[in-house]
Amino acid sequence: MSEPVPDDSLTDEPRDGLAFYGSEVRHARLHKGATQLELAVATTYKTPYVSKVENGQQLGSELFAERCDQFFGTSGYFARLRKRVSQRDYPDWFEPYVRLEERAAAILSYSSNLVMGFLQTEAYAHAVFRRGHPREDLEVTAERVAGRLHRRRVLEGGKPPLLWVVLDESCLRRMVGSRAVMAEQMAYLIKAGESPHVTLQVLPFLSGAPASQFAFILLKFDEGEPDILYLEDPFSGQVIDSPGAVEDASVTYDRLRADALSPEASLELFRKVMEEWTL
Numbered sequence: 022m023s024e025p026v027p028d029d030s031l032t033d034e035p036r037d038g039l040a041f042y043g044s045e046v047r048h049a050r051l052h053k054g055a056t057q058l059e060l061a062v063a064t065t066y067k068t069p070y071v072s073k074v075e076n077g078q079q080l081g082s083e084l085f086a087e088r089c090d091q092f093f094g095t096s097g098y099f100a101r102l103r104k105r106v107s108q109r110d111y112p113d114w115f116e117p118y119v120r121l122e123e124r125a126a127a128i129l130s131y132s133s134n135l136v137m138g139f140l141q142t143e144a145y146a147h148a149v150f151r152r153g154h155p156r157e158d159l160e161v162t163a164e165r166v167a168g169r170l171h172r173r174r175v176l177e178g179g180k181p182p183l184l185w186v187v188l189d190e191s192c193l194r195r196m197v198g199s200r201a202v203m204a205e206q207m208a209y210l211i212k213a214g215e216s217p218h219v220t221l222q223v224l225p226f227l228s229g230a231p232a233s234q235f236a237f238i239l240l241k242f243d244e245g246e247p248d249i250l251y252l253e254d255p256f257s258g259q260v261i262d263s264p265g266a267v268e269d270a271s272v273t274y275d276r277l278r279a280d281a282l283s284p285e286a287s288l289e290l291f292r293k294v295m296e297e298w299t300l
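The numbering of the sequence shown is our numbering, which starts it at 22 and goes up by one.
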């Protein structure tokens, strides 16, 4: 016998792709007359995991989607739907990642040429968005910037995640917006790097070829939940939970950290570069 469901759980319009995916899983489960426990057993996951998926808090893994198709007899529907959701503003395709980011115990980021969005100042973010979308209304750009700055709330909670960021030196040297914008951005990095929850390292030019040419983010979770890899291009983002891909990215990240300056030396470089941008 399935557990009680609030009256509005089947009628409310899903707020994003994650919620839509979860509602589809819930619909299929209730139609089959199965409980969350039965679905958990069938997919080899635990009941809390199924609950998070159905509530739109987490995008089920590829394996979970495949097992759902087997359990519901849906001929690959959930596997296909999962692929569409994971690859689709903040933009819609970014929403699944943002929801995961909010729950992560640790966020490990490699910034290959621009300061990661989490650490961008308002002026820096504005300059980045205007360069990428020069013809859009300023109101739209302002909304994009506000959305990006809003993500910082993750670090302001009672139990903030560990944020560890490796920035290629080009992030410090490439002028985004103006010299004043860059000086302000360096000052913000210095302030952020002094937080006990934030570790910043610079990968200097003299370290040679980097272990990765592309930016990426690893999310780590508590309670044995699998780590997540996030990749992004100008048009879409992809949340990857393949154990092999996540492990490869973790090894790459360790190499980047090993080649980078220490956190203390990195803060000194931020101060030096800030002075250079101020001249």
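Beta carbons are placed, not taken as given, at the ideal position from N, Cα and C, and that holds for glycine. Note that the structure is predicted; figures quoted are calculated from it, not measured.
Ranked by Cα distance from S82, the first of R156, F150, G229, L39 is L39. The beta carbons of L58 and T68 sit closer together than 7 Å. Between the region 262 to 273 and the region 243 to 251, the count of Cβ pairs shorter than 8 Å is three or higher; the stretches touch.
The three-state secondary structure of V136, taken from DSSP, is coil. The beta-carbon distance between V106 and L80, rounded to whole angstroms, is 6 Å. This is short enough to meet the 8 Å contact definition.
Contact between L183 and A127 holds, with the beta-carbon distance rounding to 4 Å and staying under 8 Å. A straight line joining the alpha-carbon of A55 with that of L188 spans about 48 Å.
CA-CA distance, E164 to F235, rounds to 27 Å. The beta carbons of L121 and L240 sit closer together than 7 Å. Judged by beta-carbon spacing, S133 lies beyond the 7 Å limit of V186, meaning their Cβ atoms are not closer than that value.
At least 7 Å separates the beta-carbon of F150 from that of T142.
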